[in-house]
Amino acid sequence: GFGGLVWLFFFFHYFFLKGEGSETLLAVSAVGALIFAESHTASTILTVYRTRATRRLFHNYTFGLATIGIALILFGLVIPGSAPIYIKIYLLLVPHHFMNQSYGIALLYCMKRSCKLGQLERISIRFFTQSVAWYAIFKQLTYRQWSGNSLLNVEIPFWGPLPEVFCDTSEKVLLVSVLTLAGVVVWRSLRKTSETVSDAYSAPIPIPAQLTLLTGALAFTMGPAATGIYWLYVSAFFHGTQYLMIAAAKYARESNENGVEASKPGAGILLKGPALKFLALSLMLSLLFYHGIPGLVDNLGFTVLQCGAIMFAILNIFHIITDSAIWKLGDRKTREILLS
Numbered sequence: 008g009f010g011g012l013v014w015l016f017f018f019f020h021y022f023f024l025k026g027e028g029s030e031t032l033l034a035v036s037a038v039g040a041l042i043f044a045e046s047h048t049a050s051t052i053l054t055v056y057r058t059r060a061t062r063r064l065f066h067n068y069t070f071g072l073a074t075i076g077i078a079l080i081l082f083g084l085v086i087p088g089s090a091p092i093y094i095k096i097y098l099l100l101v102p103h104h105f106m107n108q109s110y111g112i113a114l115l116y117c118m119k120r121s122c123k124l125g126q127l128e129r130i131s132i133r134f135f136t137q138s139v140a141w142y143a144i145f146k147q148l149t150y151r152q153w154s155g156n157s158l159l160n161v162e163i164p165f166w167g168p169l170p171e172v173f174c175d176t177s178e179k180v181l182l183v184s185v186l187t188l189a190g191v192v193v194w195r196s197l198r199k200t201s202e203t204v205s206d207a208y209s210a211p212i213p214i215p216a217q218l219t220l221l222t223g224a225l226a227f228t229m230g231p232a233a234t235g236i237y238w239l240y241v242s243a244f245f246h247g248t249q250y251l252m253i254a255a256a257k258y259a260r261e262s263n264e265n266g267v268e269a270s271k272p273g274a275g276i277l278l279k280g281p282a283l284k285f286l287a288l289s290l291m292l293s294l295l296f297y298h299g300i301p302g303l304v305d306n307l308g309f310t311v312l313q314c315g316a317i318m319f320a321i322l323n324i325f326h327i328i329t330d331s332a333i334w335k336l337g338d339r340k341t342r343e344i345l346l347s
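Numbering (this note's numbering), first residue to last: 8 to 347.
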């Protein structure tokens, strides 16, 4: 949804839990990462390789990008120092990927609630999500403490520092985008229907859409301590679950032999056979790629941690790049499936 579980876990972890209670939530975070965060990247593979038609449609990704990815994995196993570079590239791609999904989900909430956005209103939301993403990237490249120390036991290189003027400027642009979006939200809340403005164009921006944007933005704009705790939950219980539910629903709709129109609307489709099959296969693929293959490669003399980090980075980069081609709200069929 729009981040309710993330807010709940973060609130209790940050303000109340210490010791054993904190360890319990860390276990919840680990399980969430396994079931939702890792599975959502694997689900992209199911989406684009599902049929001959999808493989042909996404040929540049299912063949071209996949070939490059396999080559990079093999190079990474034999060329020392590759894993940190792959991890760093992945971390620099995350902000835009994360905020692009928040943008798309927010628009879906608006469409579902019959809230039509004008061109300038869409631009203001896009301006906000892009400002958050660039601010996060410039922070990574300017301040070592925001670059991170390690991920999957791989030391993260610091590619910087950039002159502080870049980060300072991006922070000011972000502030402008926040004020602009806040103005749009207030204006839509106070705007009234008239003879020249339809109900849909005067409807307030839905609360779930606002919370989706807020939950996504907080992942990159809080202080270091709060950010560390927040990321224990936001990747799995916000970003990952959103993606899995939408991908599973799309899979179920397209599996219906009679097409989208014959499918029953509503979230109930996620409890049906095709969607459950998709979710189970996504979990199995994630276990294979993130845990099974690294274990097998260990028998060939490569360390499990190195192989695991390389697989993680390359699969996520494949997911991020391919994702932008799959979810196009401008495509009528995709839009109908997501709104049904």
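All residues carry an ideal CB built from backbone N, CA and C; glycine is no exception.
Quantities reported herein were computed from a predicted structural model and do not represent experimental measurements.
Output needed for residue i: all residues of its chain with C-beta closer than 6 Å, excluding positions within five of it in sequence on either side, in chain order.
i    : result
Q313 : A90
L188 : S131 and F135
V161 : A90, P91, I94 and A316
F19  : none
V35  : none
W153 : K146 and Q147
F3   : Only positions 8 to 347 of the chain appear in this structure, which leaves residue 3 out of reach.
L79  : I321
L140 : Residue identity differs from the one stated: residue 140 is Ala in this sequence, not Leu. Counting only Cβ-Cβ distances below 6 Å, and skipping sequence neighbours, we find P102, H103 and M106.
L303 : none
R195 : P211 and I212
L12  : F244
F309 : L84
Between the options, which has its C-alpha nearest residue i's C-alpha?
i    : options                   : result
L220 : G235, Y297, R260 and L115 : L115
I300 : F319, I86 and K284        : F319
G10  : K284, Q217 and L303       : Q217
I333 : V35, W153, H66 and V311   : H66
Y21  : L303, A44 and P231        : P231
A256 : L15, F285, E30 and A233   : F285
L307 : D330, F296 and V85        : V85
E215 : R120, S138 and W141       : In the sequence under discussion, the amino acid at residue 215 is Pro, which differs from the Glu named in the question. For the residues R120, S138 and W141, the minimum Cα distance to P215 belongs to R120.
W14  : T234, A60 and L197        : T234
K279 : Y258, F23 and M291        : Y258
Going by beta-carbon coordinates alone, are residue i and residue j separated by less than 8 Å?
i    : j    : result
L158 : G315 : no
M229 : Y240 : no
T74  : L322 : no
C117 : I52  : no
F16  : L32  : yes
I327 : L100 : yes
H104 : D330 : yes
L169 : S138 : no
Y208 : G76  : no
Note down, in chain order, each residue of its chain lying with its Cβ closer than 7 Å to the Cβ of residue i, except the 5 sequence neighbours on either side.
i    : result
Q249 : Q108 and I112
T69  : V55, Y56 and R62
E264 : Because the pLDDT at E264 is just 48, under 50, the model does not fix this residue reliably, and the value given afterwards should be weighed accordingly. Counting only Cβ-Cβ distances below 7 Å, and skipping sequence neighbours, we find nothing.
A143 : P102 and F227
V185 : F135
G83  : S89, A90, Y93 and I317
V311 : P301, G302 and D305
E178 : Y142
F296 : A49, M318 and L322
L24  : L32
L72  : F325, I328 and T329
So, under 8 Å CB-CB, residue i and residue j are touching, yes? Tell me the CB distance rounded to an integer number of Å.
i    : j    : result
L224 : C122 : Reading off the sequence shown, one finds Ala at residue 224, where the question assumed Leu. Not confirmed; about 20 Å, so no contact.
P281 : S293 : Not quite, the Cβ-Cβ distance comes to about 19 Å (not below 8 Å), so this is no contact.
E128 : V191 : 5 Å
Excluding five sequence neighbours on each side, which residues of the same chain lie with their C-beta closer than 8 Å to the C-beta of residue i?
i    : result
I96  : A320 and I324
R133 : Y110
L251 : F43, S46, H47, S50, L286 and S289
I163 : P91, I94, K95, L98, S154, G155, N156 and S157
H298 : G315
Can at least three beta-carbon pairs, one atom from the region 39-53 and one from the region 236-254, be found at a separation below 8 Å?
By the Cβ criterion, the region 39-53 is in contact with the region 236-254, since at least three pairs of Cβ atoms, one from each stretch, lie closer than 8 Å.
Counting Cβ pairs, one atom from each stretch, are 3 or more of them under 8 Å apart for the region 173-183 and the region 144-155?
yes
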